[in-house]
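What follows is a single structure, written as structure tokens, with notes after it.
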Amino acid sequence: LPYTWNGNTYNAAGTYKDTLKNVAGCDSIVTLTLTVKATLTGAQTVTLCTSQLPYSWNGNTYNAAGTYKDTLTSAAGCDSIVTLTLNVNTVVTGAQTVTICTSQLPYTWNGNTYNTAGTYKDTLKNVAGCDSVVTLTLTVNAALTGTQTVTICTSQLPYTWNGNTYNTAGTYKDTLKNVAGCDSIVTLTLNVNTAVTGSQAIAICNNQLPYTWNGNTYNSAGTYKDTLKNAAGCDSIVTLTLTVNATLTGSQTATICTNQLPYSWNGNTYNAAGTYKDTLISAAGCDSIVTLTLIVNATLTGTQTATICPGQLPYSWNGNTYNAAGTYKDTLISAAGCDSIVTLILNVKSSTSKTENISTCAGSYKLPNGVIASTSGVYSSSFVNQAGCDSIIITNLTLQPAPKLIVNNQNGACNQTSIDLTSQATTAGSDAGLSFSYWTDSNATKPLPAPNAVKANGTYYIKATNAAGCTSIKPVTAQLKNMPTAKILGGNVCPGTKTKLTITLTGTAPFNLTYTDDTASHTVNGITNSIYQFEVTPTTSTKYTITSVADAVCINNSPNASAMLNVIKPPASIRYNEVITSVNLSTPLRARYFGNNYSYFWSPATGLNSDDVINPIFKYGQKVDYLIYIKSDQGCLIVDTQTVKVIARTQGNEPPNLWVPTAWSPHNKDGHNDYLYPFTVNIVELRYFRVFNRWGELVFETKELGKGWDGVYKGVQQVMDTYTWTVEAVGNDGTVFKKAGNAMLLR
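Pasting the structure below:
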């Protein structure tokens, strides 16, 4: 199965009729009685011992335990698959280890008697009736003896040994059980050592603290005890009497001048101020530490700077008189009685007296005394200079006139590509004999490249220089008259849909425009904005071309602007396959997808969770015919149709069900059993049918009823093996089926 007859496919046994045309052209009714013989299966389990191998079954020989299948032919002539489960009980082996004492010989095991240690074997029958070989390892432990000698101190008495208490030295015996459980006789020899005592007196100096004695540290005088171990290992108590003699200290302060260095103290010589220590020996024989604080008053030095004008000479300082600038020194006595050397740096500032010749192009000049002079002449300026002294400057001032510069702005002709700012017309009316330079800024710091061919509208600057080197700078405007331009935008539109075309204009308004639309020419005059729109309703794709555009200055007869308005015919409307579902069962619906620029509307909205999506969910109790309005953003409309049929189970109808065959044979392509798929009764939706190989790979999946797997995965026919399937489906009464199982691929 399925079985094909006269172009029809049948999935189950039954009686079927078909109407054909006979040679006379009349209807001929033929009847097919289809009988489907089932494949028989069977199983057998056999258990035997290893010694009974090999095992023969249906003419086949097997040498090991396992599960084996064989295909026979049933009485109906169909394959009959039988399975043998062969269990093989192996020879059982075991081991036992027994340890006893010599007194427990002879030893009996499985009815046998043994008098010495050794390894012995015996053969028995296990519960499966097969041989069982067991091994005995017999160990015989003899009685043990031992001795122990212990030496302790008196303080460790009484002494406990093996649960017995002893108060004096001696030899003692005890009988124990060894780890093998046999008697063990041990002997104890107990020795007892006595304790020792002693004392020691020590005198030290304070700087010898802390004092270490027998590994202990002491920080002050006192009597201390310590417990040591004597040569016998017992406590030995010794006493320390520790006497500590104190260290004596003293201090002295001396103050001297630098010229009294070096300084001698206690036979030591010191060359600088500081704190010094010396250690002497006291009457008790301990260190006596004395400290010297030596203060050295240095010779003081100082510097003083005085700056004066020549009129302040001579200059008096510390009773001395100085008539010129220079560096002078004097020696004084400080408050500490030491020499103090001071230095005078005397500066004498000069006055300013000079004559300057000034020639400038400015209309006025600021003299050194701050007075503004606006005419040529000789000026005397008296003022205090930066040094604070009187100064006189004589200025011979000559004021040069600035050149006369006349600038005429330049306008180009229509569509002129550049303007010459160096032409005589630009500076007509200026002084004769001037030299000109051209700049992009008002300070004349950035030169204008190619001033004889300026190609950009803007304001530039001309600098005129006369023979005296005086200059004048004035702005000049260059204005080019460019051709007007136009751009037009096309696009896509649906047949018979109104749309607006946009033309973008550049230039000086108002504009005059002429354009064609493949069939006629159109002229629009007096456009005051740079954006012009007009409405069209094309029935076929049309090319719009702008043939000329004019602004208030120029006319452009070759704007080279065109655009295509494409009329796009939408896809034809269709009727979708009928969807069959159950009463109030959530069933997904889906319209055709054309792109993200399409909107959807389902009418009526009855039974839908949403009416403006591509994939609403249907849940209702009656049949509904839907119109699906699919509209693009260009306004193109498609109207599809979807019918949802609701089937309700009634009393006496066969309940929904499904099952999957246990084997299929896709290799022979005989039209029977070529595909693996679920057989269904009253199933309205297949949510999934999936097939996996033994490694868990998904080799096939479908959601279509009646569609199955032909045994091919990734273009390769799969080997004969057992495959796992899972299925989920919905019956016409809303029942959800979830099943899983195995199927054998036969080749």
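Per the numbering used here, the sequence shown runs over residues 22 to 768.
Glycine residues also receive a C-beta, built at the ideal position from the N, C-alpha and C atoms.
Keep in mind it's a predicted model, so treat the numbers as computed, not measured.
Return the chain-ordered list of same chain residues with a C-beta closer than 6 Å to the C-beta of residue i, the five sequence neighbours on each side being excluded.
i	result
A267	N227
I589	N513
T326	I366
M765	A684 and T743
S361	L321, L353 and S355
A761	T747
N110	C70, A149 and C151
S402	L388, P389, N390 and I414
R596	T662
Which residue wins for smallest C-alpha separation from residue i, given the options the options?
i	options	result
G115	K146, T104 and N29	K146
D661	T118, A593 and N618	A593
G332	L313, T348 and N368	N368
N417	Y187, A434, T438 and T381	T381
T506	I524, A327, A149 and T492	I524
F404	I415, T396, K246 and S395	I415
E718	C255, T701, H693 and T745	T745
P677	F615, N753, L697 and I635	N753
L93	Q117, G63 and G87	G63
H625	V665, V604, K298 and Y614	With the sequence shown as reference, residue 625 is identified as Pro, and His is not the correct amino acid for it. Closest option to P625, Cα to Cα, is V665.
E377	N133, K194 and G398	G398
S444	A499, T518, I509 and T602	A499
S579	D632, T486 and M504	M504
V475	D39, V497, F457 and L455	V497
C278	A294, T290, W286 and N287	A294
Which residues mark the beginning and the end of the beta strand (DSSP E) in which residue i is found?
i	result
T693	Checking the sequence, you will find His at residue 693 rather than Thr. H693 -> no beta strand (DSSP E), and no H or E assigned at all.
D661	L658 to I668
M585	A582 to V588
L803	No information on residue 803 is available, as it lies outside the stretch 22 to 768 that the chain covers here.
Y482	G479 to T486
P496	T492 to K502
C278	L269 to C278
Q325	L321 to I329
N633	Looking at the sequence provided, one finds Asp at residue 633 rather than Asn. Taken as a continuous stretch (DSSP letters only), D633 belongs to no beta strand (DSSP E), as it is neither H nor E.
I354	G347 to I354
S412	D411 to L420
V51	D48 to L55
R711	I704 to F713
V207	D204 to N214
Under 8 Å Cβ to Cβ from residue i, same chain only, skipping five residues before and after it: list those, please.
i	result
Q672	At Q672 the pLDDT is 45, less than 50, meaning the model places this residue with poor confidence and gives no usable figure here.
C491	C382, Q421, P422, A423 and P424
G384	S395, L420 and A423
T264	A222, I223, A224, I225 and A242
S272	V311, T312, L313 and T314
I379	Y386, T416, N417, L418 and T419
For the ligand ZN, I want to know if residue i counts as a neighbour, meaning its beta carbon is within less than 8 Å of at least one of the ligand's heavy atoms.
i	result
L261	Among the ligands in the structure shown, none appear at all, so the ligand ZN cannot be discussed.
Between residue i and the rest of its own chain, which residues show a CB-CB distance below 7 Å, the 5 nearest in sequence each way excluded?
i	result
N618	S653 and D654
V57	L22, A33 and A34
L126	N136 and V161
T202	What sits at residue 202 in the sequence shown is Gly, not Thr. So the qualifying residues of the chain are C122.
K724	L707, R708 and Y709
Y31	P23, Y24, Y37 and L55
T276	I316 and N318
S303	L269 and S309
G12	Because the chain in this structure spans residues 22 to 768, residue 12 falls outside the shown range and cannot be described.
Please tell me whether residue i and residue j are closer than 9 Å, where the distance is taken between their beta carbons.
i	j	result
L107	W130	no
A85	L74	yes
A253	C307	no
S583	T566	yes
R768	H688	yes
P591	I649	no
K153	T144	Residue identity check: residue 153 is Ser in the sequence provided, not Lys. Cβ distance < 9 Å, so S153 and T144 count as in contact.
Does any residue of chain D have a CB that is nearer than 9 Å to the CB of residue i?
i	result
G384	Absence of chain D from the displayed structure is noted, only one protein chain being present.
Identify every residue that forms a DSSP beta bridge with residue i.
i	result
W685	L766
R611	According to DSSP, which records beta bridges pairwise, R611 is partnered with nothing at all.
W623	I649
N473	None, per the DSSP bridge assignment.
D152	K146
T111	According to DSSP, which records beta bridges pairwise, T111 is partnered with nothing at all.
L93	S101
W460	P468 and Y482
S403	I413
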